[in-house]
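Numbering (my numbering), first residue to last: 31 to 328.
We put the CB at the ideal spot given by N, CA and C, even for glycine.
Since we're looking at a predicted model, the values are computed, not measured.
Shown next, in structure tokens, is the structure this report addresses.
Spelled out as structure tokens, the structure:
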């Protein structure tokens, strides 16, 4: 197994990425190395346990993978904002275009699927919608949020709300190496990079609230297979969100097997416990194996 770290240019910054290539990777019918793209959630990065586990799992299935930090996150450059879902979709388009043009270590690759967690799942679906010519045949969402206008009940403190009303913005948290918190929310142990300040503004909230995820009805599902995965103990995203994705996608899917939704018992939002990762693996592996066979990726 070969691991390569690299930076990929995007209109929003230089994106830090890690590619994992198995010794004998699966090939597409055209002979290119089949590669899965992995994207992270809000203020997370590729060092999170779930992303490392996923890259290891895909390698065991003889699939190459590339996980990357969105701009302003992890070791990527640039600045992120609360409502920049479409900007993150642009990041994904830049990564896919780069991989198709440049490959990885002189190997021609074809992005055959994307797997996005939380915010990264929503950004991934917007990428598939905005850049349909780049949309791969496999779309996997993990803990996806549908109603972006809804806020987590306890996400903002009273002080946050007061500062927003008085100043039009507030400092929500500092993140990166040795982070400190403004409100006590937990940050992934895998965080790395420079310490950065994450400000929330009224315009950020408006941009997020105005992002319409019902566009998934327009995805090219005649040539895509979708797997939606949710944990039964998710306290960040309600399970009704994943079922709304399921409902809307089925309206335009040409056949029943094009959209599959699975709930993993006992799993929470961040997938950082061994039993949660084991449940994720039991859900993902058979679906991937079956779908890769349909696509003749061997």
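Check                                                                                                                                                                         : Outcome
Kindly indicate which residue of 72, 60, 55 has the alpha-carbon position closest to the one of residue 66.                                                                   : 55
Nearest to residue 297 by CA position, among 273, 286, 310, 318, is which residue?                                                                                            : 310
Write down every uninterrupted run of the beta strand (DSSP E) in the region 141-206 whose length is 3 residues or greater and which is fully enclosed by it, in chain order. : 168-172, 199-205
Cβ atoms of residue 102 and residue 237: under 8 Å apart, would you say?                                                                                                      : no
Assuming residue 68 and residue 91 form a contact by the criterion Cβ under 8 Å, report the distance between their Cβ atoms to the nearest whole angstrom.                    : Residue 68 to residue 91, Cβ: 14 Å. No contact.
If you follow the alpha helix (DSSP H) that residue 320 is in, where does it begin and where does it stop?                                                                    : 304-324
For the region 94-110 and the region 74-83, state whether three or more C-beta atom pairs, one from each stretch, are separated by less than 8 Å.                             : yes
Using DSSP with H/G/I as helix, E/B as strand and the rest coil, what is residue 328?                                                                                         : coil
In terms of DSSP beta bridges, what is residue 39 paired with?                                                                                                                : 44
Check the DSSP bridge columns for residue 69 and list the partner residues they point to.                                                                                     : 98, 146
Determine the direct distance from the alpha carbon of residue 109 to that of residue 269, and round the result to whole angstroms.                                           : 30 Å
What span of residues does the beta strand (DSSP E) with residue 292 cover, start to end?                                                                                     : 289-294
For residue 48 and residue 33, which I take to be in contact (beta-carbon distance under 8 Å), what is that distance rounded to the nearest angstrom?                         : 7 Å
Comparing alpha-carbon positions, which option in 186, 306, 202, 148 lies nearest residue 226?                                                                                : 202
Are the CB atoms of residue 158 and residue 169 nearer to each other than 8 Å?                                                                                                : yes
Given residue 318, which residues of its chain have a CB within under 7 Å of its CB, disregarding the five upstream and five downstream residues?                             : 91
Locate the beta strand (DSSP E) running through residue 226, then write down its first and last residues.                                                                     : 226-231
Hey, how far is the Cα of residue 148 from the Cα of residue 196?                                                                                                             : 30 Å
Less than 7 Å between C-beta atoms, sequence neighbours within five positions excluded: which residues of the same chain meet that for residue 106?                           : 43, 44, 45, 46, 99, 100
If you follow the alpha helix (DSSP H) that residue 122 is in, where does it begin and where does it stop?                                                                    : 115-132
On the three-state DSSP scale, how would you describe residue 90?                                                                                                             : helix
Can you have a look at residue 254 and say buried or exposed, based on whether 16 or more other CB atoms are within 10 angstroms of its CB?                                   : buried
Roughly how far, in whole angstroms, is the beta-carbon of residue 125 from the beta-carbon of residue 38, given that I think they are within contact range, below 8 Å?       : 5 Å
Within its chain, find whatever has a CB closer than 6 Å to the CB of residue 131; leave out the 5 residues flanking it on each side and keep chain order.                    : none
Buried or exposed for residue 31, going by 16 or more other Cβ atoms inside 10 Å?                                                                                             : exposed
I need the DSSP call for residue 275, collapsed to helix, strand or coil.                                                                                                     : helix
DSSP on residue 106, reduced to helix/strand/coil?                                                                                                                            : coil
Using DSSP with H/G/I as helix, E/B as strand and the rest coil, what is residue 235?                                                                                         : helix
Under a Cβ-count criterion, where at least 16 other Cβ atoms within 10 Å of its own Cβ denotes burial, should residue 229 be classed as buried or exposed?                    : exposed
Could you tell me if residue 257 is buried or exposed, where buried requires 16 or more neighbouring beta carbons within 10 angstroms of its beta carbon?                     : buried
For residue 155 versus residue 246, is the C-beta distance shorter than 8 Å?                                                                                                  : yes
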